[in-house]
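J.: Protein chains in written order, with the working numbering: chain R, 7 to 228; chain V, 412 to 653.
The C-beta atom is built at its ideal place from N, Cα and C for all residues, glycine as well.
Below: one structure in structure tokens.
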Amino acid sequence: MNELLNKLSNCIEFGKINKAAPFPPQMKGEDGADEITRQALDEGVNAQDVLTEGLMPGMERVGVKFRENKVFVPQVLMSAKAMSTAMVHLKPYFDSGAAKQKGTFIIGTVLGDLHDIGKNLVAMMVEGNGYKVIDLGTDVDTEKYLNALNENPGAVVGLSALLTTTMANMERITKEIKAAAPNTLVAVGGAPVNEEFSKKIGADNYSSDPQAIVEFLNTKTA
Amino acid sequence: MKRIFSLCLTNTAKMNIERSFTFEELEIDPKEIIATLGYTEDSFFEPFPTYLAQAFECCKQLNDIKGAYRILKMDEFCSDKKKICVQDLQFNVGRTIRKELNGAENIAFFVCTAGAEISQLADKLLKGEDPVLGYVYDVIGSAIAEAVGDKIQATISLSEQKAGRKITNRYSPGYCHWNVTDQHKLFSLFGGTACGVKLTPSSLMHPVKSISGLIGIGENVEFNDYQCNLCQLENCVYRDKH
């Protein structure tokens with residue numbers, strides 16, 4: 007692997023945003039995701055390779071460590087910030103078609119619930135693994151999901167919830183999405199949800215952590 | 412130490428009790444915040460301690476931390492195994508909470524908030540320039556709302572003790588199958604808004620860092636710790652803390 011891309015994936019894994027950032031302490035004073043992404047592109051590294059061989063491996067390692075309780079939310083947020091800083095440099099390549107994302111993922115916290123930390127972590131992790139993410143926010147009802155689906159045909163839809171009482175809304179929204187767009191894959195997640203509930207409401211996937219939804223999406227786009 | 416008490420008259424001429432709190436008097440333990448962030452004091456490395464210190468300092472300026480409660484008689488005849496009745500309102504609290512309220516003669520309804528300021532600050536930072544600092548504020552905001560809940564609960568407990576009555580733990584819509592749609596009934600007891608907290612049509616509270624709920628009061632009620640094994644929130648940050 008290109009040495010620069012190796013460095014870049016380390017920046018993502020350890021949340022090194024740019025040279026000025028003091029975090030992580032062991033990388034203080036070194037270039038971060040911002041400078042290295044720019045340098046790689048300036049040196050002619052393919053934008054697609056920057057994404058798939060630089061950014062994505064770093065974010066995947068973060069996802070696995072988060073699942074294994076080796077890192078926690080603040081560190082994931084640092085990695086996500088490093089990732090989004092790098093993505094600014096890649097945006098023109100996505101816009102021109104020179105680099106492609108793996109697919110589109112629409113995500114929102116369902117109607118009656120405004121807990122969004124978990125949803126945001128999933129969005130960051132999915133984006134960091136090479137997908138375009140449409141984040142609809144919190145308190146989202148069916149119509150908003152369907153509008154986003156109309157604008158992004160073929161996208162996978164993710165429903166998040168924290169409150170036990172919003173599980174009923176999750177069921178209704180899943181069924182309404184399936185009725186309006188039967189081929190749409192619906193993934194569910196959140197503290198009160200489990201595999202059994204996911205099957206009962208007709209969802210296609212239950213993920214217990216952000217990396218799991220990435221793995222599910224990868225099986226559908228590979 | 413600044414303490415502001417106010418008695419608010421609603422349109423039904425019944426008394427709500429509302430209090431303002433300073434951040435300092437809530438005595439939030441930084442160790443709890445560190446634990447909620449996922450760390451221990453030993454594993455809490457820079458820049459997170461700096462973020463935490465900065466946020467604690469900033470929170471001293473908050474001036475919209477409030478809690479309110481109202482105590483009403485429970486209508487035993489209308490209540491059943493899943494619901495309670497207060498005034499003309501039925502609260503469908505579900506079997507688990509209803510069981511905890513066995514023996515209650517009165518119900519204290521409460522609304523507590525960390526205020527709009529910290530809720531907006533956390534949201535803005537999380538979505539923009541500094542998500543980590545935003546997350547720290549988010550966690551502290553939740554801790555503030557819960558700490559106000561603790562203070563309100565302690566106040567009720569103390570005053571009821573003098574009358575020979577005990578209290579239950581506190582329970583909130585959205586948990587243990589108590590539907591959040593009952594929030595509108597709960598807030599109607601405060602004239603639709605309390606402590607500056609308002610509801611969306613889908614029953615969500617604004618400012619976000621707010622809690623609401625009820626506490627049972629009576630000579631024969633029991634105070635039980637939260638029963639985590641009865642709850643489906645397997646990843647709840649409070650699981651097994653109580």
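Straight-line CA distance for I18 of chain R to G449 of chain V?
T.: Those two C-alpha atoms are separated by around 20 angstroms.
J.: Is any beta-carbon of chain R found at less than 8 angstroms from that of D549 of chain V?
T.: Yes, its Cβ sits closer than 8 angstroms to a Cβ of chain R.
J.: Do G109 of chain R and V162 of chain R have their beta-carbon atoms positioned less than 8 angstroms apart in this structure?
T.: A contact, by the Cβ cut-off of 8 angstroms.
J.: If you follow the alpha helix (DSSP H) that N153 of chain R is part of, which residue opens it and which one closes it?
T.: Run containing N153 of chain R: 148 to 157, per the alpha helix (DSSP H) assignment.
J.: With a threshold of 8 angstroms between beta carbons, is V522 of chain V in contact with chain R?
T.: Not one chain R Cβ lies under 8 angstroms of V522 of chain V.
J.: Can you look up D141 of chain R in the DSSP assignment and give me helix, strand or coil?
T.: Strand at D141 of chain R.
J.: Does V79 of chain R get closer than 8 angstroms to chain V when you measure Cβ to Cβ?
T.: With 8 angstroms as the cut-off, V79 of chain R counts as an interface residue toward chain V.
J.: If we require 3 or more residues per run, which beta strand (DSSP E) segments fall completely within the stretch 567 to 629 of chain V?
T.: List check, beta strand (DSSP E) in window: 577 to 582, 621 to 629.
J.: Between the Cα of E457 of chain V and the Cα atoms of R:A186, R:P31, R:I23, which residue gives the shortest distance?
T.: Nearest C-alpha to E457 of chain V: R:P31.
J.: Starting from C17 of chain R, trace the alpha helix (DSSP H) in both directions and tell me its first and last residue.
T.: From DSSP, the alpha helix (DSSP H) with C17 of chain R extends over 9 to 20.
J.: To the nearest angstrom, report how far apart T58 of chain R and E438 of chain V are at their CA atoms.
T.: Looking at the two C-alpha atoms, the distance is approximately 47 angstroms.
J.: For L615 of chain V, return the contacting residues in chain R, with the cut-off set at a CB-CB distance below 9 angstroms.
T.: Here the neighbours are G118, D119, L120, T144, D145.
J.: Would you identify the three-state DSSP class for G60 of chain R, choosing helix, strand or coil?
T.: Helix at G60 of chain R.
J.: For N126 of chain R, which three-state DSSP category applies?
T.: Helix, per DSSP.
J.: Does the Cβ of F29 of chain R have 16 or more other Cβ atoms within 10 Å, making it buried, or fewer, making it exposed?
T.: So F29 of chain R ends up on the buried side.
J.: Do V56 of chain R and L120 of chain R have their beta-carbon atoms positioned less than 8 angstroms apart in this structure?
T.: Not closer than 8 angstroms, so no.
J.: Does DSSP classify G109 of chain R as helix, strand or coil?
T.: Here G109 of chain R sits in coil by DSSP.
J.: From which residue to which residue does the beta strand (DSSP E) around N52 of chain R run?
T.: Neither: N52 of chain R is in no beta strand (DSSP E) and is coded neither H nor E.
J.: Output the boundary residues of the beta strand (DSSP E) element that contains A519 of chain V.
T.: Residues 517 to 524.
J.: Can you tell me the Cα-Cα spacing of D122 of chain R and L168 of chain R, whole angstroms?
T.: Those two C-alpha atoms are separated by around 9 angstroms.
J.: Do you know offhand how far I495 of chain V's Cα is from H595 of chain V's?
T.: So the two alpha carbons sit approximately 15 angstroms from each other.
J.: Grab me the residues of D210 of chain R's own chain with a C-beta within less than 7 angstroms of its C-beta, minus the 5 sequence neighbours each way, in chain order.
T.: Closer than 7 angstroms at Cβ, skipping near neighbours: L191, V192, A193.
J.: List the residues of chain V that F29 of chain R touches, going by C-beta distances under 8 angstroms, in chain order.
T.: Chain V residues near F29 of chain R: E457, P458.
J.: Name the two residues that bound the continuous alpha helix (DSSP H) containing C469 of chain V.
T.: C469 of chain V -> alpha helix (DSSP H) spans 459 to 470.
J.: Answer with yes or no whether the minimum CB distance from Y582 of chain V to chain R is below 8 angstroms.
T.: So, not an interface residue.
J.: Give the range of the beta strand (DSSP E) segment to which E452 of chain V is assigned.
T.: Counting along the chain, E452 of chain V falls outside any beta strand (DSSP E), and DSSP gives it neither H nor E.
J.: Go ahead and label K206 of chain R buried or exposed: buried means 16 or more other beta carbons lie within 10 angstroms of its beta carbon, across all protein chains shown.
T.: Burial call: exposed.
J.: Under 8 angstroms, Cβ to Cβ, is there at least one residue of chain R near G585 of chain V?
T.: Yes, G585 of chain V counts as interfacial toward chain R.
J.: May I have the straight-line CA-CA distance separating C469 of chain V from P159 of chain R, to the nearest angstrom?
T.: Between C469 of chain V and P159 of chain R, the C-alpha separation is close to 45 angstroms.
J.: Within its chain, find whatever has a CB closer than 7 angstroms to the CB of L47 of chain R; leave out the 5 residues flanking it on each side and keep chain order.
T.: So the list reads A53, V56, H95, once near-sequence residues are dropped.
J.: Would you identify the three-state DSSP class for F416 of chain V, choosing helix, strand or coil?
T.: Note on F416 of chain V: pLDDT 45, under 50, position unreliable in the model; no value is reported.
J.: How is T74 of chain R classed by DSSP in three states: helix, strand or coil?
T.: Checking the sequence shown, residue 74 of chain R turns out to be Glu, not Thr. Looking at E74 of chain R - three-state DSSP - the assignment turns out to be coil, as it is neither helix nor strand.
J.: Which bits of chain R does Y637 of chain V rub up against, with CB to CB less than 7 angstroms?
T.: Ordered by position in chain R, no residue passes the 7 angstroms Cβ test against Y637 of chain V, which lies about 14 angstroms from the chain.
J.: Compile a chain-ordered list of the residues in the stretch 122 to 137 of chain R whose CB is closer than 9 angstroms to at least one CB of chain V.
T.: The stretch 122 to 137 of chain R vs chain V, Cβ under 9 angstroms: D122, I123, G124, N126, M130.
J.: Classify K535 of chain V: buried if its beta carbon has 16 or more other beta carbons within 10 angstroms, exposed otherwise.
T.: When all chains shown are included, K535 of chain V counts as exposed.
J.: Identify the continuous alpha helix (DSSP H) that holds N224 of chain R and give its terminal residues.
T.: N224 of chain R -> alpha helix (DSSP H) spans 216 to 227.
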